[in-house]
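Asker: Dropping the structure in here first, questions after.
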DNA sequence: ATCCTCCCCTAC
DNA sequence: TAAGGTAGGGGAGGAT
Ligand SMILES: Nc1ccn([C@H]2C[C@H](O)[C@@H](COP(=O)(O)OP(=O)(O)OP(=O)(O)O)O2)c(=O)n1
Ligand SMILES: [Mg+2]
Ligand SMILES: [Mg+2]
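In full-length UniProt numbering, the protein residues as written are 1 to 1143.
Okay, here's the thing in structure tokens:
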């Protein structure tokens, strides 16, 4: 089984698909009016992946989205069955694998042939067809020529995935073999890729290696032996290599000719029919190895075309660097965040630490975790385990100078600068240079002074990437338990082999690495990870070393403790102060003493390591725990706006990385480097110098990867540091408490269909005592009105539940939902979706038994409906949008939602027929039923007139409209009759003074009766309640009103409560006279605030309630109000997000 | 005890 | 000029 198919397996039971033409018009909002519901769905779906428009990313959190999730999830098994049977039957190509095995296409926009046809081809020949783009599932994006306006969108979400023309599929079918897709790439995008550096260049999945490489590599057969000089190797270079290794350092050649030249020179294939590149390619693309790479020709004219991925890194760099000097000059801060609008991109592009720091994520994608399915790490501890540690020698230098044999014996270092007075850092030094004391991390000026003849060579990140790939290709070939440490270093568990055999393996591997890459590696062999690593140190350079168990003690006796992994300069210094320099001396200290001095774990580690004991198993690939991005170089701000702009860029970067990892997180941490008072200009150019490191974290109730949420939170966090932006020398943003995005982002909606279809067992997760640090006041930096909130609901069934909180149950399946009718009657959120809301394409493609099940739920109306609409697909798009407008119009104008009797009827039918309802989740109070019944779901289902509603809009209430991209909103509203437009635009587009979207508060229709003040206590500026509180007789209310102004009149309740913190202790006495009316008043504003914010700013509510909870311990007044309103919040949360909210 | 945040330390 | 990132482990100290 190829890597690719393993990867497919990873995505488990949630492969997305459905049946037909719904893949039109990705993200093309302008087409909304003409598009059918599925098209709209695509627009929304793709919005979430688009990084180009910040305003367009809310919209995927709707009923519609969850509907799609369910749709896909439920259909997945059926698709598998269908695809398997038909592909087995029809696959006639020679191999045993179906033609499109491992290929998973996503069709974007209009294509010839239609996406429907493409789908059937894929299905027929063993491929997959994804209706919704997912980076983890889609291998190829199919797309015809696009208008320029769309190219940008495509690029932003394809991010390195091949974007190819539909003819690739056709031709492959015609040829009865999977053709190389490269010649079918979309030209617009290929060119575009090189013009537009990517922010996350390092994260781009490396789905494409230059085919040219593979091809020419195969032609360039050389045999390099360890003694054979590189010069010889070069001289043997096959003429068929268009560009040789020697061009590597010639900038004018390197730029446009062949940046992969070096890879070919060292390719040794011997009798191996497949080169490393080919293997890699196959692993990535599931190209049959028999495929003849007929795309090679396409490259000759345009060698750089293939680099639609990690290759961009260098491609961009080589193109950009010549032009960089012109930018410089004027200010001495021209290289800071002040001088360059694209600072972040450019910085990361050139940062070695960014490269090695992000390498792991790229590796994960290229070598999906196939091994270590068996994680028996215990063998490593007890009986004769064998561990190999292998590490490339002076990696960065080695890769560069392999093509420059004249430098082999000279001292060489990799560095951005050759300036003998410069503060650029040495990245890697070769062994001759190390003899002079040159080390990684020292300034180039120091290196030069240590070694005046030091040769400085530049980075070639792309080459590092390729060599690392070759390196790991070889490792995986020899061992299935490979633990990647870094791009040049790994552990192999060969415990089944014995140490001597391990030595042999190590030497074979090293030889192969040298032959394949022209770079040497060293290896250590021992009984555990620790000793193997230490052995490598001894082995270097270009050697290997065995430490058998009986030699461990002797080896460690004199070993400086600094050598032990985990002991850096700080621990080393501390131990030195205890007169401990060697492992032998360390062994004299008792474990208890070490633990007392250094902590329990660290002490234990020291004690064990000094004895050569290490029980860590090899090859455990643990899930990502955090994702972040930071910049601590060139960070200089003059104004608050400078800093906020930069923060926004970081948020984008982090959001992209989260998406790249397929995760979302709940804890957002902002880190700042603040220049110390007494610190002068840093020694290092544009460095941070002597800084205080500060951080603030906030945990939100719902995991997110949404850039707008990140922005809002990070801006809040930013305000917690009360500092002058001029003092900032570094910023970092990190997201932790990660959850799998497949669950969180897709199970976010409160779709009735979702909860109805799935067993709703998922979202019962306990959210354990989230907390946040509240220091200072919430600043009013946050002037934006982003409605962004990643909603959260039931984790839908998904093969990978590894991130599921323990308390949530497994995936649900059809026929296993259970809910009592009583529960169901409480919940409008569990209503059956109306027939018009269903995607008929999907319904039609359902397996018969499932179809009939649904049909039963609808009392047989589904089949009737299908009959009626048979062959009317063409008309759908127009009617859909108009009816959706009508519906929106209705909701907006009426502002209330009388429950259509038909819907109730359906619900009753449902209960009777099947007893199958969504599980009603955690409604905890009587108010729930009122809240629950407020789901604005109006369209009457009158007689046989089934309107074809766009799924996304029919179930949408007004807040969803708010979440639409503004263009879309305008689009919809414009299409309304003029008089209505003005009416509803009031509640949807107009902003209130606080720059928050004003929400029409429909719920008050039912809640208002108990309100003293009536509705919209929060309307106006100041909000109405402020005045009322001010003139009230109650001290507490007056105080709160006062806090409104003290907090800056921002209108954020959290700000008000924060201000209240500082004075509350003083007011405790005043709150002794607990007046029920007073509490009611507070409850009113709280409830209305919940209504106002629940959809747009759950975090804000969450923060407020955290604060309120604090007050409850100090004030009966707040305790009472909190207890009264909390159930309301929980019900409201439940309704909106389908889960529990624990404060 | 166990969790949290806010650090620091380490490795590449 | 120069590109001091990234992620995990862990400890101190506080809240529950
Ligand atoms: N402070 C550092 C450490 C490492 N690296 C980069 C350059 C190295 O080449 C690569 C691999 O790190 P190693 O620790 O393996 O160092 P080398 O491979 O350069 O040398 P060695 O032969 O000791 O492994 O990571 C870097 O840029 N800066
Ligand atoms: Mg190395
Ligand atoms: Mg290394």
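Glycine included, each C-beta is placed from N, C-alpha and C at the ideal position.
1. Got a sec? Which residues, its chain only, sit under 8 Å from residue 598 by beta carbon, not counting five neighbours each side?
2. How many Å lie between residue 386 and residue 615 at the Cα?
3. Between residue 629 and residue 657, how many whole angstroms is the CB-CB distance? I'm expecting something under 8 Å.
4. Please confirm whether any heavy atom of ligand 3 lies closer than 6 Å to the CB of residue 488.
5. Note down, in chain order, each residue of its chain lying with its Cβ closer than 7 Å to the Cβ of residue 1093, except the 5 sequence neighbours on either side.
6. If you reduce the DSSP assignment to three classes, tell me which class residue 670 lands in.
7. From the DSSP output, read off the bridge partner residues of residue 503.
8. Let me make sure I understand the geometry here. Which of 1036, 1037, 1035 and 1059 has the alpha-carbon closest to that of residue 1046?
9. If you run the structure through DSSP and keep just helix, strand and coil, what is residue 219?
10. Using 6 Å as the cut-off, classify the Cβ of residue 392 as near or not near the heavy atoms of ligand 2, replying yes or no.
11. Mapping the DSSP letters down to three states, classify residue 1127 as helix, strand or coil.
12. Among 455, 689, 351 and 418, whose alpha-carbon lies nearest the alpha-carbon of residue 434?
13. Contact defined as beta carbons within less than 8 Å: I believe residue 674 pairs with residue 727. What is the distance between those atoms, to the nearest angstrom?
14. My output table needs one value for residue 1038: the three-state DSSP class, helix, strand or coil.
15. Taking Cβ positions, are residue 634 and residue 167 nearer each other than 7 Å?
16. Under 8 Å: do the segment 436-449 and the segment 358-369 share three or more Cβ pairs, one atom per stretch?
17. Specify the secondary structure class of residue 1133 as computed by DSSP and reduced to three states.
18. How many Å lie between residue 1123 and residue 701 at the Cα?
19. Would you kindly report the start and end of the unbroken alpha helix (DSSP H) that includes residue 1088?
20. Taking residue 468 as the reference, which of 399, 492, 689 and 543 has the closest Cα?
21. Do you know offhand how far residue 495's Cα is from residue 567's?
22. Cβ of residue 463 within 6 Å of any heavy atom in ligand 1?
23. Keeping to the same chain, check which residues put their C-beta closer than 6 Å to that of residue 671; ignore five residues upstream and five downstream.
24. Label residue 1143 either buried or exposed according to how many other C-beta atoms from any shown protein chain fall within 10 Å of its C-beta, with 16 as the threshold for buried.
25. Could you give the distance in angstroms between the alpha-carbon of residue 163 and the alpha-carbon of residue 141?
26. In its own chain, which residues sit with a C-beta less than 8 Å from the C-beta of residue 1018, not counting the 5 before and 5 after it?
27. I'd like to check one pair, residue 502 with residue 525: are the Cβ atoms closer than 7 Å?
28. For residue 735 versus residue 665, is the C-beta spacing smaller than 7 Å?
29. Nearest by alpha-carbon distance to residue 713: which of 508, 1054, 406 and 678 is it?
30. Here's the rule: buried if 16 or more other CB atoms are within 10 angstroms of the residue's CB, otherwise exposed. What is residue 512?
31. Can you tell me whether residue 478 is helix, strand or coil according to DSSP?
32. Please go through the same chain and pick out, in chain order, the residues whose beta-carbon is closer than 6 Å to the beta-carbon of residue 610, but skip the five residues on each side of it.
33. In terms of residues, what are the limits of the beta strand (DSSP E) holding residue 1160?
34. First and last residue of the alpha helix (DSSP H) that includes residue 652?
35. Use the C-beta contact count for residue 816: other C-beta atoms within 10 angstroms, 16 or more gives buried, fewer gives exposed.
Answerer: Let's see:
1. Leaving aside the five residues that flank residue 598 on each side, the residues in its chain whose CB is nearer than 8 Å to its CB run, in chain order, 571, 574 and 606.
2. Approximately 13 Å, taken between the alpha carbons.
3. Contact between residue 629 and residue 657 holds, since their C-beta atoms are separated by about 6 Å, short of 8 Å.
4. Result yes, Cβ under 6 Å from ligand 3.
5. Scanning its chain for C-beta atoms nearer than 7 Å, with the 5 sequence neighbours on each side dropped, one finds around residue 1093 the residues 1100 and 1101, in chain order.
6. Under the three-state reduction of DSSP, residue 670 is assigned to strand.
7. Under the DSSP definition of a beta bridge, residue 503 lacks any partner.
8. With distances taken between Cα atoms, residue 1046 lies closest to 1059.
9. Confidence in residue 219 is poor, its pLDDT being 28 and thus under 50, which makes the residue's placement too unreliable to answer from.
10. Yes.
11. Helix, per DSSP.
12. Nearest C-alpha to residue 434: 455.
13. Their Cβ separation, rounded to whole angstroms, is 5 Å, which keeps residue 674 and residue 727 in contact under 8 Å.
14. Residue state, collapsed to three classes: helix.
15. Using a Cβ distance threshold of 7 Å, residue 634 and residue 167 do not count as a contacting pair.
16. Pairwise C-beta distances place the segment 436-449 out of contact with the segment 358-369, as fewer than three of them are shorter than 8 Å.
17. Three-state DSSP puts residue 1133 in a helix.
18. Residue 1123 and residue 701: Cα-Cα distance of roughly 19 Å.
19. Residue 1088 -> alpha helix (DSSP H) spans 1076-1093.
20. The option with the nearest alpha carbon to residue 468 is 399.
21. The alpha-carbon atoms of residue 495 and residue 567 are separated by roughly 27 Å.
22. In this structure, the C-beta of residue 463 stays at least 6 Å away from each heavy atom of ligand 1.
23. Beyond the five residues adjoining it in sequence on each side, residue 671 comes within less than 6 Å, by CB distance, of 695 and 732 in the same chain, given in chain order.
24. Residue 1143 is classed as buried because its beta carbon has at least 16 other beta carbons within 10 Å across all chains shown.
25. Those two C-alpha atoms are separated by around 5 Å.
26. The residues are 1024, 1025, 1051, 1085, 1088, 1089 and 1092.
27. A contact, by the Cβ cut-off of 7 Å.
28. For residue 735 and residue 665, yes; Cβs fall inside 7 Å.
29. Ranked by how close their Cα comes to the Cα of residue 713, the residues 508, 1054, 406 and 678 have 1054 in first place.
30. Buried.
31. In the three-state DSSP reduction, residue 478 falls in the helix class (H, G or I).
32. 583, 586 and 587.
33. Because the chain here runs from 1 to 1143, residue 1160 falls outside it and cannot be looked at.
34. First-last of the alpha helix (DSSP H) with residue 652: 640-661.
35. Because the pLDDT at residue 816 is just 24, under 50, the model does not fix this residue reliably, and the value given afterwards should be weighed accordingly. Result: exposed.
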